[in-house]
Amino acid sequence: MINLQKKNIADSLDFILGLTSKDISVTKKDKWGKIKTPTYKYADWGIMGLAYCPGNSCIVSTFRIQHPSSKKHFTRFKKVAVHEFGHNLGLPHCPDKTCVMTDAVESVKTIDNAKLELCGKCKSQLD
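Under our numbering, read the sequence shown as residues 3 to 129, first letter to last.
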């Protein structure tokens, strides 16, 4: 999906964010390009979002960020969208657990604990 977006982005657009309610996944590989072990877990790794870093295309899935509270669901969506767009701007994952650029490390709770803003270090990288 993200590749399709990248190939078909209109010349009049600088960035494109795709949104889906479907589950999306990647294959997690080690530094040698082999699928991480256990392979049953990492061959089809579910994710909340994906972006080119840097780049002009990203995608967010609401599948793994659902919550009974529509307010909390929307807050999660905003955080994931800002996080993926941060990657488009060239920002890597941040070790500050309150920064929106922190790695979710396989848990939606990480997203809940992060703020909807960049830490000072990440902000300075965009200046």
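Where a beta carbon is used, it is the ideal one built from N, C-alpha and C, also for glycine.
- Per DSSP, the continuous alpha helix (DSSP H) segment holding T77 begins and ends at 72-90.
- Per the coordinates, the alpha-carbon of D32 lies some 6 Å from the alpha-carbon of K38.
- Straight-line measurement puts the Cα of K74 at about 19 Å from the Cα of D105.
- A53 is bridged by DSSP to C60.
- The beta carbon of N90 is closer than 8 Å to those of F17, A53, Y54, C55, P56, G57, N58, S59, C60 in its chain, skipping five residues each way along the sequence.
- Here K36 carries a coil assignment [DSSP, helix/strand/coil].
- If you draw a 10 Å sphere on the C-beta of G92, you find fewer than 16 other C-beta atoms in it, and that means exposed.
- Only residues of its own chain outside the window of five on either side were considered, and among them M50, G51, V62, I67, I113 have a CB closer than 7 Å to the CB of V82, listed in chain order.
- CA-CA distance, K125 to K9, rounds to 29 Å.
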